[in-house]
Amino acid sequence: MTRDLRLYLQDIVDSIEKIQRYTENMTFAEFEVNNMAIDAVIRNFEIIGEASGRLPDELYDKNPEIPWHKMKAMRNIMAHKYFRIDLEIIWNTARESLPPLAEKIMYLSRLM
Numbered sequence: 019m020t021r022d023l024r025l026y027l028q029d030i031v032d033s034i035e036k037i038q039r040y041t042e043n044m045t046f047a048e049f050e051v052n053n054m055a056i057d058a059v060i061r062n063f064e065i066i067g068e069a070s071g072r073l074p075d076e077l078y079d080k081n082p083e084i085p086w087h088k089m090k091a092m093r094n095i096m097a098h099k100y101f102r103i104d105l106e107i108i109w110n111t112a113r114e115s116l117p118p119l120a121e122k123i124m125y126l127s128r129l130m
């Protein structure tokens, strides 16, 4: 049975919301020494990338404003190059890129 595309979109939104909750009251200095927060955030970035990788190319083509390929690439870096992860990039992505991404994904999900 094929999983509904909206469920993958919801996985992305859920993971973004978790990342925001895990980091909302932290500074970068607090984040970079909190192994539990780092692990939780990285895991949810992996879920975002995995879910985005399950979506059809047609959805990518119709929604080029969403950085689908960057989402998948970030997951691959985290899963396969774990010891070379730059926590500052993770932090900045969580703070700056994820909130508008969540809005775009929620809007797209409502259209489906």
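In case it helps, the numbering used here puts the sequence shown at residues 19 to 130.
Yeah, the Cβ is synthetic: ideal placement off N, Cα and C, and Gly gets one too.
Here the structure is a predicted model, which means the values were calculated and not measured.
message = Helix, strand or coil for N62? Go by DSSP, reduced to three states.
response = Within the sequence shown, the letter at position 44 stands for residue 62. Helix, per DSSP.
request  = Kindly indicate which residue of T41, E64, E76 has the alpha-carbon position closest to the one of M54.
outcome  = In the sequence shown, the residue the question calls residue 54 occupies position 36. Here the closest residue by C-alpha is T41.
ask   = So with Cβ pairs under 9 Å, would you call M130 a contact of chain D?
value = No chain D is present in this structure, which holds just one protein chain.
query = Taking Cβ to Cβ, would you say L119 is nearer than 9 Å to I84?
reply = Here residue 119 is taken as the residue at index 101 of the sequence shown, counted from 1. Here residue 84 is taken as the residue at index 66 of the sequence shown, counted from 1. Cβ distance < 9 Å, so L119 and I84 count as in contact.
CA-to-CA distance, A112 to S33, given in whole angstroms = The sequence position of residue 33 within the sequence shown is 15, counting from 1. The sequence position of residue 112 within the sequence shown is 94, counting from 1. Distance between the alpha carbons of S33 and A112 is about 11 Å.
ask   = Using the rule of at least 16 other Cβ atoms within 10 Å of the residue's Cβ for burial, across every protein chain shown, is L73 buried or exposed?
value = Residue mapping note: residue 73 aligns to position 55 of the sequence shown, counting from 1. A residue is called buried once 16 or more other Cβ atoms fall within 10 Å of its Cβ, and L73 is buried on that count.
query = Where I107 and A47 are concerned, what is the direct C-alpha to C-alpha distance, given to the nearest angstrom?
reply = Against the sequence shown, residue 107 aligns to sequence position 89. Against the sequence shown, residue 47 aligns to sequence position 29. Each residue's Cα considered, the two are about 13 Å apart.
query = Where does M130 fall in DSSP's three states?
reply = Position 112 of the sequence shown, counted from the first residue, corresponds to residue 130. Three-state DSSP puts M130 in coil, outside helix and strand.
query = Where does the unbroken alpha helix (DSSP H) through N110 begin, and where does it stop?
reply = What you label residue 110 is simply residue 92 of the sequence shown in a count that begins at 1. Start and end: 105–110.
Proximity below 9 Å, CB of R39 to CB of S70 = Residue mapping note: residue 39 aligns to position 21 of the sequence shown, counting from 1. Residue mapping note: residue 70 aligns to position 52 of the sequence shown, counting from 1. Going by C-beta atoms, R39 is not nearer than 9 Å to S70.
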